[in-house]
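Enquirer: Residue numbers for the sequence shown follow UniProt numbering, beginning at 1 and rising by one.
Glycine included, each C-beta is placed from N, C-alpha and C at the ideal position.
First the structure, which I've put down as structure tokens, then a few questions once you've had a look.
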Amino acid sequence: METGRHRSERSVVSAGLGLHVLLCSSLLLNALFFAYHFLGASPPPTTTPGLGDGLSWALQAAREAEAVAAIDCSGHGNVFLDGIADEDGRPGCECHSCFTGPNCSVRKPNCNADADSGDPVFMEPYWKRHAAAGAVVFSGWHRLSYITTDGLFHSIELERQIRRLHNAVGNAVVDDKYIVYGTGSIQLINALVYALSPEGNASSPPASVVATAPYYNTYKMQTDMFDGREYRWDGTTAAWANNGSRNSTGDVIEFVTSPNNPDTAFRRPVLDGSMAVVDHAYYWPHLTHIPAPADDDVMLFTTSKLSGHAGSRFGWALIRDKNVAKRAGDYVGQSTMGVSRDTQLRIMKIIKVILANLHSKDDIFAFGYDVMSSRWSRLNAVVSRSTRISLQKMQPEYCTYFSKIREPSPAYAWVKCEWEEDVDCQETLLAAGIISRSGTNYEGGSQYARLSLLKPQDDFDMLLERMADIVEPIEEHSRAPDGSSSIRDVPPTAEIMDTGRHRSERSVVSAGLGLHVLLCSLLLLNALFFAYHFLRASPPTTTTSGLGEGLSWALQAATEAEALAAIDCSGHGNVFLDGITDEDGRPGCECNSCFTGPDCSVRTPNCTADADSGDPVFMEPYWKRHATASAVVFSGWHRLSYITTDGLFHSNELDRQIRRLHKAVGNALVDDKYMVFGSGSSQLINALVYALSPEGNASSPPAIVIASAPYYSVRECFPVSTSLHNGDAYEMQTVMFDGREYRWDGNAAAWSNNNGPRNSTNGGFMEFVTVPNNPDAAFRKPVLAGSSAVYDHAYYWPHLTHIPAPADEDVVLFTTDENVAKRAEYYVKMSTMGASRDTQLRILKIIKVILANLHSKDDIFFFGHDVMRSKWRRLNAVVSRSNRISLQKMAPHYCTYFKRTREPSPAYAWVKCEWEEDVDCQETLQAAGIISRSGTLFGAGTRHTRLSILKTQDDFDVLLERITDFVDAEKRSRAPAGSSSM
Numbered sequence: 001m002e003t004g005r006h007r008s009e010r011s012v013v014s015a016g017l018g019l020h021v022l023l024c025s026s027l028l029l030n031a032l033f034f035a036y037h038f039l040g041a042s043p044p045p046t047t048t049p050g051l052g053d054g055l056s057w058a059l060q061a062a063r064e065a066e067a068v069a070a071i072d073c074s075g076h077g078n079v080f081l082d083g084i085a086d087e088d089g090r091p092g093c094e095c096h097s098c099f100t101g102p103n104c105s106v107r108k109p110n111c112n113a114d115a116d117s118g119d120p121v122f123m124e125p126y127w128k129r130h131a132a133a134g135a136v137v138f139s140g141w142h143r144l145s146y147i148t149t150d151g152l153f154h155s156i157e158l159e160r161q162i163r164r165l166h167n168a169v170g171n172a173v174v175d176d177k178y179i180v181y182g183t184g185s186i187q188l189i190n191a192l193v194y195a196l197s198p199e200g201n202a203s204s205p206p207a208s209v210v211a212t213a214p215y216y217n218t219y220k221m222q223t224d225m226f227d228g229r230e231y232r233w234d235g236t237t238a239a240w241a242n243n244g245s246r247n248s249t250g251d252v253i254e255f256v257t258s259p260n261n262p263d264t265a266f267r268r269p270v271l272d273g274s275m276a277v278v279d280h281a282y283y284w285p286h287l288t289h290i291p292a293p294a295d296d297d298v299m300l301f302t303t304s305k306l307s308g309h310a311g312s313r314f315g316w317a318l319i320r321d322k323n324v325a326k327r328a329g330d331y332v333g334q335s336t337m338g339v340s341r342d343t344q345l346r347i348m349k350i351i352k353v354i355l356a357n358l359h360s361k362d363d364i365f366a367f368g369y370d371v372m373s374s375r376w377s378r379l380n381a382v383v384s385r386s387t388r389i390s391l392q393k394m395q396p397e398y399c400t401y402f403s404k405i406r407e408p409s410p411a412y413a414w415v416k417c418e419w420e421e422d423v424d425c426q427e428t429l430l431a432a433g434i435i436s437r438s439g440t441n442y443e444g445g446s447q448y449a450r451l452s453l454l455k456p457q458d459d460f461d462m463l464l465e466r467m468a469d470i471v472e473p474i475e476e477h478s479r480a481p482d483g484s485s486s487i488r489d490v491p492p493t494a495e496i497m498d499t500g501r502h503r504s505e506r507s508v509v510s511a512g513l514g515l516h517v518l519l520c521s522l523l524l525l526n527a528l529f530f531a532y533h534f535l536r537a538s539p540p541t542t543t544t545s546g547l548g549e550g551l552s553w554a555l556q557a558a559t560e561a562e563a564l565a566a567i568d569c570s571g572h573g574n575v576f577l578d579g580i581t582d583e584d585g586r587p588g589c590e591c592n593s594c595f596t597g598p599d600c601s602v603r604t605p606n607c608t609a610d611a612d613s614g615d616p617v618f619m620e621p622y623w624k625r626h627a628t629a630s631a632v633v634f635s636g637w638h639r640l641s642y643i644t645t646d647g648l649f650h651s652n653e654l655d656r657q658i659r660r661l662h663k664a665v666g667n668a669l670v671d672d673k674y675m676v677f678g679s680g681s682s683q684l685i686n687a688l689v690y691a692l693s694p695e696g697n698a699s700s701p702p703a704i705v706i707a708s709a710p711y712y713s714v715r716e717c718f719p720v721s722t723s724l725h726n727g728d729a730y731e732m733q734t735v736m737f738d739g740r741e742y743r744w745d746g747n748a749a750a751w752s753n754n755n756g757p758r759n760s761t762n763g764g765f766m767e768f769v770t771v772p773n774n775p776d777a778a779f780r781k782p783v784l785a786g787s788s789a790v791y792d793h794a795y796y797w798p799h800l801t802h803i804p805a806p807a808d809e810d811v812v813l814f815t816t817d818e819n820v821a822k823r824a825e826y827y828v829k830m831s832t833m834g835a836s837r838d839t840q841l842r843i844l845k846i847i848k849v850i851l852a853n854l855h856s857k858d859d860i861f862f863f864g865h866d867v868m869r870s871k872w873r874r875l876n877a878v879v880s881r882s883n884r885i886s887l888q889k890m891a892p893h894y895c896t897y898f899k900r901t902r903e904p905s906p907a908y909a910w911v912k913c914e915w916e917e918d919v920d921c922q923e924t925l926q927a928a929g930i931i932s933r934s935g936t937l938f939g940a941g942t943r944h945t946r947l948s949i950l951k952t953q954d955d956f957d958v959l960l961e962r963i964t965d966f967v968d969a970e971k972r973s974r975a976p977a978g979s980s981s982m
């Protein structure tokens, strides 16, 4: 019997060895077929006939984007166009948190599971599957202007698509609401606090800002940081509900997140009579059920949780009250001059893709729900075996979007540590290798911690591993009864041996059967590969001929961009991808200010010359000449994460290229400076005021913010008709944000001329210095000794001024002081979570083009100087004939960049009305058909007004006509009796 058993075992083993040989042969054959099919030289991908025919300037960008996207990161990372470049200038893989190596193929040993941030990168596979539809091409000249289709900063077509989306999903009532965009919904938090607070009435008590715990802690952190005089953070609603007298004081602004972050519960306002701001970031069908459309007075939404595009920084508010919407819009306009136009175009494209696939097999909400419900189910299955930790209770609910009952699919797990000894749940999880976010951040208590389920699949898989380790070995061993073991009782030795032998035989036989099944499957796969390669009739390929050959997902976007750019607007306008569409869904020409008609060919009669805003559209011809080099393709999955290459919000590669540019141009010393990015320099104005002010010390007097008149007006982009047009940037931002740590206190001259107590510096001074100055192009230095000067060098480039030497001040909208840099960066983080990652990529491409052409015939500074010098010469020639108006005096100067003396080429003409009767120079020019900007907006008198010469050539030509008419009329009116000026 014993011998027979051994013989049986040997025969089974021999059979198994034979099967192994066949299996290995089959695997080798499969590997060869796989290599031939997927890794060999393949024909160009099948594309729509004619789709790429005739591609020109967008082709290079499309190829670059596809080449970068094709780099293999082993499924554990990505390569981005704006990634940190190697010595050859090529970006490399950026790996997920537990992977490393050149291609992210190495898993880090003992890696912690990072479930801290709400980074919605779980959406990345969706956008890779929809690569062609989600891609968009940015031309070098896309939206150079501050202004977009609403006459301000707001894409009308994007608004239309947002309204369509809400109506189609059924998660919000939009027909009676105004829409305000923000740089992420985070910017709209304080915008709405500002909009709902008392309007600068000193007699009114400040509004109280509250929320119900646990709440999203940015509400508190942002309110505390801005520290406005019109509002204050005033705790949780529980304190108010339990205190009757407290509930009777002034205005109350109540933040309500529904579904809530962190515990995903549905919430409603708690306090009667409060002004509720309802944050519906997670109120989409992939993250929660939709019982009915939300219809609150003020609601917040964001693309971060809708589509996963957190890095784009785009959110919107739906607001019922017109005045509240206007004040919120004013806030955004003042702080960042609106949302990045790059981001508005990209988000419009993303929303169009979402709309096109609703209720189909490619529905983003069905995809997102499948991912998140699976994650919740798997995590819940593990945690449900534990007595040490628990999760929030969630039930299936009916969803109107899916028209069925759906399982839970929350963005976060709200973990409670149940054991008495686990007093800090975050620390308990960290000891087990899980990074969470403490419940104390949400005023939820240290026994709670939040786990994010939104991150990449790698992060979730690691979280599940670590969570299983907590529940199984740690908990089972530590809570086993005395004298017992979590391992079952051990049988006697002889029984072990005999039982083991039978088990061994069964396992070998089972293995053999398994190998047979696997072998048959592989042989079938061999046959299929053979049939595919050698027996099928090869269909004709339908690739595009010539230029588009070899492109796949970027081809559609490139073709669309070139088709629109080719539409003829008679040289007096442009077509943009995000323009207002006609009935066929195609955008039309947007005409320069004195032209109209479908193709902008009709000159508007008696048109007023608009020389108001500092819109630098004179650069448009340069970027059209360099269309190929400056175009960039955004994939649908570009920078979904909040985080970029510095571990925060700051592209290291862009930082490197900016430093290269300053060194090459010689206009700033950068080696000893920290760099902070902003959503335009307008955001950095208040960031630096905050950074240079006393650090929250109530006993310290506020810092005093000043500038020497005439000083910069942020109204560069606001039409005269808007309320935001009236004021200057440094003053208006300081007054609007109205922090307790600083105050605007006027013209520096008033301080330097005052020998009394006003000249005391015990509160500290911040002095803004613009060099060259806006509006008069003069070179400036600080007036007050000992002030903390912030130098604004927006115009310190060789096409707009001479460069005598590199600027080397302490704060040049970048700084030598690490603490100032950290505080400024914190401000930007808390107000917008950094600058749009879309814009960072586009500006990186633009700077690379500039660098590549320095000191060549295609130098942007040569081009810009030629244009601006010509405009100045022509304008000066006309005005020099006048006694009624004059311009600032400007002389040629040596420029280190050009290595020669250069003629003046200022951005603005600072006009003075010389006649005594012209008491208001702006009105005098307005009567002559010229829109200018009053000197009063720059802290100067009414005798001065500013003319912008940065705008389009059409605008300048009309300005020159009107000025010529004005001077000619002057000559006629002052000619002696009986004489003629002709």
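When burial is assigned at 16 or more other CB atoms within 10 Å of the CB, is Pro-481 buried or exposed?
Expert: In this predicted model, Pro-481 has a pLDDT of only 46, less than 50, meaning its place in the structure is not dependable; the value taken from the coordinates is given anyway. It is exposed - the Cβ of Pro-481 has fewer than 16 other Cβ atoms within 10 Å.
Enquirer: Helix, strand or coil: which one does DSSP assign to Trp-233?
Expert: Of the three classes helix, strand and coil, the one that applies to Trp-233 here is strand, per DSSP.
Enquirer: Is it buried or exposed for Tyr-795, if we count other Cβ within 10 angstroms and need 16 for buried?
Expert: Buried, by the Cβ-count rule.
Enquirer: So Lys-416 is in the beta strand (DSSP E); what residue range does that whole segment cover?
Expert: It spans 412-417 - the beta strand (DSSP E) in which Lys-416 sits, taken as one unbroken run.
Enquirer: Below 8 Å, how does it come out for the segment 638-648 and the segment 310-320: are there three or more Cβ pairs, yes or no?
Expert: Yes, since at least three Cβ pairs between the segment 638-648 and the segment 310-320 fall closer than 8 Å, the two stretches touch.
Enquirer: Looking only at its own chain, which residues have a Cβ that is under 7 Å from the Cβ of Asp-363, when we skip the five neighbours before and after it?
Expert: Excluding residues within five positions, the ones whose Cβ falls inside 7 Å are Asn-357.
Enquirer: Using C-beta distances below 8 Å, list every residue in its chain close to Ser-886, excluding the 5 sequence neighbours before and after it, in chain order.
Expert: If we look at Ser-886 and ignore the five residues flanking it on each side, its Cβ neighbours are Val-879, Val-911, Lys-912 and Glu-914.
Enquirer: Can you give me the Cβ contacts of Val-790 inside the same chain, cut-off strictly under 6 Å, excluding the 5 residues immediately before and after it?
Expert: Excluding sequence neighbours, Val-790 sits near Leu-688, Phe-768 and Val-811.
Enquirer: Among Asn-217, Val-383, Ile-435 and Trp-376, which one has its Cα closest to the Cα of Gln-395?
Expert: Of the listed residues, the one whose Cα sits closest to Gln-395 is Trp-376.
Enquirer: Out of Ile-351, Tyr-897, Met-299 and Asp-578, state which residue places its alpha-carbon closest to the alpha-carbon of Arg-164.
Expert: Answer by Cα proximity: Ile-351.
Enquirer: Could you work out which residue in Ala-58, Trp-57 and Ile-84 is closest to Gly-647 when comparing CA atoms only?
Expert: Checked all of Ala-58, Trp-57 and Ile-84; the closest Cα to Gly-647 is Ile-84.
Enquirer: Measure the Cβ-Cβ separation of His-799 and His-865 and say whether it is below 8 Å.
Expert: Taking 8 Å as the Cβ cut-off, His-799 and His-865 qualify as a contacting pair.
Enquirer: Could you give the residue range of the alpha helix (DSSP H) that holds Ser-304?
Expert: Per DSSP, Ser-304 belongs to the alpha helix (DSSP H) from 303-307.
Enquirer: Run through the DSSP bridge pairs and tell me what Val-256 is partnered with.
Expert: Val-256 is bridged to Val-278.
Enquirer: Would you check if the distance between the CB atom of Ala-668 and the CB atom of Ala-777 is smaller than 8 Å?
Expert: No, they are not a contact pair.
Enquirer: Evaluate Val-256 with the Cβ neighbour count: other Cβ atoms within 10 Å of its Cβ, from every protein chain shown; 16 or more gives buried, anything less gives exposed.
Expert: Answer is buried; the Cβ neighbour count reaches 16.
Enquirer: Below 8 Å on the Cβ atoms is my guess for Ser-185 versus Phe-301; work out the distance and round it to an integer in Å.
Expert: At roughly 7 Å, the Cβ-Cβ gap stays under 8 Å, so Ser-185 and Phe-301 are in contact.
Enquirer: Report buried or exposed for Thr-544, applying the criterion of at least 16 other Cβ atoms within 10 angstroms of its Cβ.
Expert: In this prediction, Thr-544 scores a pLDDT of 36, lower than 50, which makes its location untrustworthy; the coordinate-derived value is nonetheless stated afterwards. Buried: at least 16 other Cβ atoms inside 10 Å.
Enquirer: Using DSSP's beta-bridge definition, name the partner residues of Arg-933.
Expert: The partner list for Arg-933 (beta bridge, DSSP) reads Arg-946.
Enquirer: Which stretch, first to last residue, makes up the alpha helix (DSSP H) that contains Trp-623?
Expert: Its alpha helix (DSSP H) spans residues 620-625.
Enquirer: Contact between the segment 370-390 and the segment 337-356 is defined here as three or more beta-carbon pairs at a separation below 8 Å; is this criterion met?
Expert: Contact between the segment 370-390 and the segment 337-356 is absent, because fewer than three Cβ pairs lie under 8 Å.
Enquirer: According to DSSP, is Ile-435 part of a helix, a strand, or is it coil?
Expert: Reduced to three states, the DSSP call for Ile-435 is strand.
Enquirer: In the DSSP assignment, what are the bridge partners of Lys-404?
Expert: Its beta-bridge partners are Cys-399.
Enquirer: Determine which residues share a DSSP beta bridge with Cys-895 and list them.
Expert: Beta-bridge pairing links Cys-895 to Arg-900.
Enquirer: Going by DSSP, what residue range makes up the alpha helix (DSSP H) through Ala-132?
Expert: Note, Ala-132: alpha helix (DSSP H), 131-134.
Enquirer: When you compare the segment 602-619 with the segment 945-962, are there three or more beta-carbon pairs, one atom per stretch, that lie closer than 8 Å?
Expert: Flag = yes, the segment 602-619 and the segment 945-962 touch.
Enquirer: Name the residue from Met-467, Leu-551, Pro-710 and Leu-844 whose alpha carbon lies nearest to the alpha carbon of Arg-659.
Expert: Taking only the C-alpha atoms, the option nearest Arg-659 is Leu-844.
Enquirer: Out of curiosity, what's the CA-to-CA distance linking Ala-627 and Val-193?
Expert: Those two C-alpha atoms are separated by around 43 Å.
Enquirer: Would you tell me roughly how many angstroms separate the C-alpha atoms of Cys-93 and Cys-104, rounded to the nearest one?
Expert: Answer to the nearest angstrom: the Cα atoms are 7 Å apart.
Enquirer: Exposed or buried, Ser-973, counting other C-beta atoms within 10 Å across all chains shown (16 or more means buried)?
Expert: Exposed is the call here.
Enquirer: Work out the CA separation of Asn-217 and Leu-430 for me, nearest whole Å.
Expert: Rounded to the nearest angstrom, the two C-alpha atoms are 21 Å apart.
Enquirer: So, for Asp-968: in the same chain, excluding its five sequence neighbours on each side, which residues have a beta-carbon less than 6 Å away from its beta-carbon?
Expert: Excluding residues within five positions, none has a Cβ falling inside 6 Å.
Enquirer: Roughly how far, in whole angstroms, is the beta-carbon of Cys-589 from the beta-carbon of Val-575, given that I think they are within contact range, below 8 Å?
Expert: Indeed, because the Cβ distance is near 6 Å, the residues count as touching under 8 Å.
Enquirer: Using only the alpha-carbon positions, how far apart do Asp-116 and Ser-204 sit?
Expert: Asp-116 and Ser-204: Cα-Cα distance of roughly 41 Å.
Enquirer: Does DSSP put Leu-192 in a helix, a strand or coil?
Expert: DSSP places Leu-192 in helix when its eight states are reduced to three.
Enquirer: Using a Cβ-Cβ cut-off of 6 Å (strictly less than) and excluding sequence neighbours within five positions of residue 1023, which residues of its own chain qualify?
Expert: Residue 1023 is absent from the structure shown; the chain starts at 1 and stops at 982.
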